[in-house]
Amino acid sequence: MRGLRKVFGATVAVDGIDLEVPVGSVLGMLGPNGSGKTTLIRMLLGLTPPTVGTVELLGHTDPVAALPHVGALVEGPGFHGFLSGRDNLLRVAAAEPLLASRDIATTVATALERVGLTAAADRRYRGYSLGMKQRLGLAAALLVPRRLVVLDEPTNGLDPAGTRDVRRIIGELHADGATVIVSSHLLTEVEATCTHVAVLQAGTLVASGELATLLSAGAGGLVVATPDVELALHTLREVATAYRGAAGEVVVNDGPPAPEVVARLVHAGVAVHEARRSRTNLEDLFARLTEET
Amino acid sequence: MSEQAGNAAAERTRVSAPIGRLLGSEVRWLLRRPRTLVMLGLFALMPVTIAIGVVASNRSGGLVGNIVGNGLVLPVVALILAQALLLPLAVGMAAADALAGESAAGTLRGLLIAPVSRLRLVGMKAFGVLVVAVLATGVIAVVGALAGVLLVGGTDGLVTLSGTTVGVGGALGRIALAVAWTVGQLAAIGAVALAVSAWTEHPLVVLASVLGMVIVFGVLGAIPALDWLQPYLLTSGWTSGADVLRDPLPARGLVESTLRALCYLALGGGLAVYRMLRRDA
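From first to last, the protein sequence lines stand for chains A and B.
Counting in numbering that gives the first Met the number 0, the first sequence runs from 0 upward without gaps.
Counting in numbering that gives the first Met the number 0, the second sequence runs from 0 upward without gaps.
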């Protein structure tokens, strides 16, 4: 049982992507606008056929066989303006294979409750704010317990409370063992909620893997804070690549382990105020990956 | 791979919702649309308007003139008049909303992800269009019969175009025949409209195509040099609608036009399925 595996080739939007999402992971899909995130998701869900390549969804090559277990919010919420939020959900619920007919009304009420729309449930969708529409889309994706939930830009238009709710819901899904795929521009969102990351650029996958691994791989050298910058550089150039960092800082790359670096500096009479790893956060990583072409 | 196949077989879950529930949901959706209700309301007004006009002017002659003192003819005449443009418009509108409209609203995705298989989706939408055709035709026929009886009078039977009189039972049978035949023609229009709807995400394109088709077919049918085209034009059989008012009832035109409608139905339905199986949503 595996999330999915796909190989695409020669399409303009998505070019030769091979990606495997481990079961139970929360994958954050990052990429600038037009990088192919949504196209990738649409191919995964069988909404558009890949030009080349195959998709495997929860062990099925036919998406329809797997889709009852999949909840998705793709390209923004899609509902009818003349129906109320509840009626829209009732219509979606009627098409859900795993939902027994007698449970539909209560399931819909629970889903509305979960996204905080109970009070507005019987108002027309037309009058909903952007955030409320997004919440209703989320409710539709979570109507029945899912094994895979795909959320395309779930926090679009949400207020801070809504963003917190989305984060909470993703956490709950993850705790229940579901696999979650989230695409987002909000890097902090991904950093806060995801276990795995895939970074797309111009239709290609430029990095993917566990968040922790990518973060440590992206970590720069050792940063040493010292008033004796010149002396420190002179001392370290014998054993490492050392260069000036911010004022009063020296950055050491490709050198010996940190304790040895510090020991050498102290022996040479350099006052070391602080030595730390320059932890790149995901934003730096993202920026670096998408900028170097 | 084998482990996956084993798991897939073990879970053996439903992959689609019960078909009755899907169809019920579709009809509920149709009947809650304000435009459907407004349309049916306006259609109900049409035979009433004809009845009032006939009673007020009291002029005989022509198809409409037959209604004078002959109320049970009204539903059939109203259907014949509505079939020229109004009923195709109704069916075209329903078909436009069915696929193109849902695609434009972003709701087609939701149905496909649920999932409703693409083939079932076409079936469900075709059913919805057919329901609209039946409702629109039925409203005109029922209101027409009531208006005929109450406003025009002449309830002891129906005087045919041939001059004979058939009893009330026979008259109702002929009205039912007119309804069934009209629904058959509208099903053909609906299938073609659904095919166009599967190809576009602009509902207006569907509506324009349907009306364009009806008008162009009418024009082509009226050009004598193009009479070899006649057998292929759906609209060329539409004059046989008035045959239900003749005695004895000439079946040939009705049967022929119904067969032609079936051809259009198969063609339109086939194209709609072909396109929906490949369509991006």
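For each residue, glycine too, the CB sits at the ideal point set by N, CA and C.
Fair warning: this is a prediction, and the values are worked out from it, not measured in the lab.
From what residue to what residue does the beta strand (DSSP E) around residue i run?
i: S182(A); result: 178-183
i: A201(A); result: It is not in any beta strand (DSSP E) - A201(A) carries neither H nor E in the DSSP assignment.
i: Y242(A); result: 240-243
i: L150(A); result: 147-151
i: E273(A); result: 273-276
i: G19(B); result: Counting along the chain, G19(B) falls outside any beta strand (DSSP E), though it belongs to the alpha helix (DSSP H) covering 18-31.
i: V223(A); result: 221-224
i: V254(B); result: Unbroken run through V254(B) is the alpha helix (DSSP H), 250-275; no beta strand (DSSP E).
i: L29(A); result: 25-29
Straight-line CA distance for residue i to residue j?
i: T136(B); j: A170(B); result: 17 Å
i: N6(B); j: E209(A); result: Because N6(B) carries a pLDDT of 47, less than 50, the predicted location of this residue cannot be relied on, and no value is offered for it.
i: E188(A); j: V205(A); result: 20 Å
i: S24(B); j: G68(B); result: 44 Å
i: T136(A); j: V91(A); result: It is Gly, not Thr, that sits at residue 136(A) in the sequence shown. In a straight line, the C-alpha of G136(A) is about 10 Å away from that of V91(A).
i: A194(B); j: L261(B); result: 15 Å
i: G52(B); j: A120(A); result: 47 Å
i: P33(B); j: E101(B); result: 16 Å
i: L270(B); j: A94(B); result: 14 Å
i: N57(B); j: G64(B); result: 8 Å
i: E229(A); j: A267(A); result: 12 Å
i: G286(B); j: V131(B); result: The requested residue 286(B) is not part of the displayed model; chain B covers only 0 to 280.
i: A187(B); j: N155(A); result: 43 Å
i: A241(B); j: G252(B); result: 10 Å
i: P226(A); j: L214(A); result: 29 Å
i: T234(A); j: G254(A); result: 12 Å
i: L88(A); j: T238(B); result: 46 Å
i: P247(B); j: I214(B); result: 31 Å
i: L43(A); j: A108(A); result: 29 Å
i: R163(A); j: T192(A); result: 11 Å
i: V14(B); j: G35(A); result: 29 Å
i: V307(B); j: W180(B); result: Missing from the structure shown is residue 307(B); chain B here goes from 0 to 280 and no further.
i: M212(B); j: R108(B); result: 29 Å
i: T105(A); j: G115(A); result: 15 Å
i: D158(A); j: G130(A); result: 7 Å
i: A211(A); j: E190(A); result: 10 Å
i: I79(B); j: D226(B); result: 23 Å
If you drop the 5 nearest sequence neighbours on each side, which residues of the same chain put their C-beta closer than 8 Å to that of residue i?
i: R113(A); result: A138, L141, I168
i: M0(A); result: Confidence is the limiting factor: at M0(A) the pLDDT is only 34, short of 50, which leaves the residue's position unreliable, though a coordinate-based value still follows. Contacts found: V22, L57, G58.
i: L210(B); result: L84, P87, L88, G91
i: V291(B); result: Residue 291(B) is absent from the model: chain B starts at 0 and stops at 280.
i: P48(A); result: M42
Grab me the residues of residue i's own chain with a C-beta within less than 7 Å of its C-beta, minus the 5 sequence neighbours each way, in chain order.
i: A224(A); result: G247, E248, H272, E273
i: E237(A); result: none
i: L232(B); result: F216, L219, G220
i: T203(A); result: D14, G15, I16
Find out if the Cβ-Cβ distance for the pair residue i, residue j is shorter than 9 Å.
i: L39(A); j: L56(A); result: no
i: V121(B); j: V26(B); result: no
i: V260(A); j: G244(A); result: no
i: F129(B); j: V182(B); result: Phe is not the amino acid found at residue 129(B); the sequence shown has Leu there. Result yes, Cβ atoms of L129(B) and V182(B) sit closer than 9 Å.
i: A81(B); j: M45(B); result: yes
i: A99(B); j: P230(B); result: no
i: G217(B); j: A125(B); result: no
i: S183(A); j: G27(A); result: yes
i: G127(B); j: L29(B); result: yes
i: I180(A); j: V148(A); result: yes
i: T164(B); j: G172(B); result: no
i: L111(B); j: A265(B); result: no
i: T106(B); j: H68(A); result: no
i: V25(A); j: T240(A); result: no
i: A113(B); j: A16(B); result: yes
i: E95(A); j: R41(A); result: no
i: F81(A); j: R123(A); result: yes
Report all residues from its chain with a CB closer than 6 Å to the CB of residue i; omit the five preceding and five following residues, and keep chain order.
i: R184(B); result: In the sequence on display, residue 184(B) carries Gln and not Arg. Once the five neighbours on either side are set aside, the close Cβ partners of Q184(B) are A260.
i: T117(A); result: L111
i: P74(B); result: A140, G143, A144, I174
i: V196(A); result: G27, L210, L213
Give the range of the alpha helix (DSSP H) segment to which residue i is assigned.
i: D86(A); result: 84-93
i: D164(A); result: 159-174
i: E112(A); result: 103-113
Quick one: list the residues of chain C neighbouring residue i, beta-carbon separation under 8 Å, in chain order.
i: A274(A); result: Among the protein chains in the structure shown, which are A and B, there is no chain C.
Sorry if obvious, but does the Cβ on residue i come closer than 8 Å to a heavy atom of the ligand GDP?
i: H173(A); result: The ligand GDP is absent from the structure shown, which contains no ligand whatsoever.
Which runs of the alpha helix (DSSP H) spanning at least 4 residues fall entirely within the segment 174-226 of chain B, listed in chain order?
202-221
In chain order, which alpha helix (DSSP H) runs of at least 4 residues are fully inside the segment 32-76 of chain A?
36-43, 62-65
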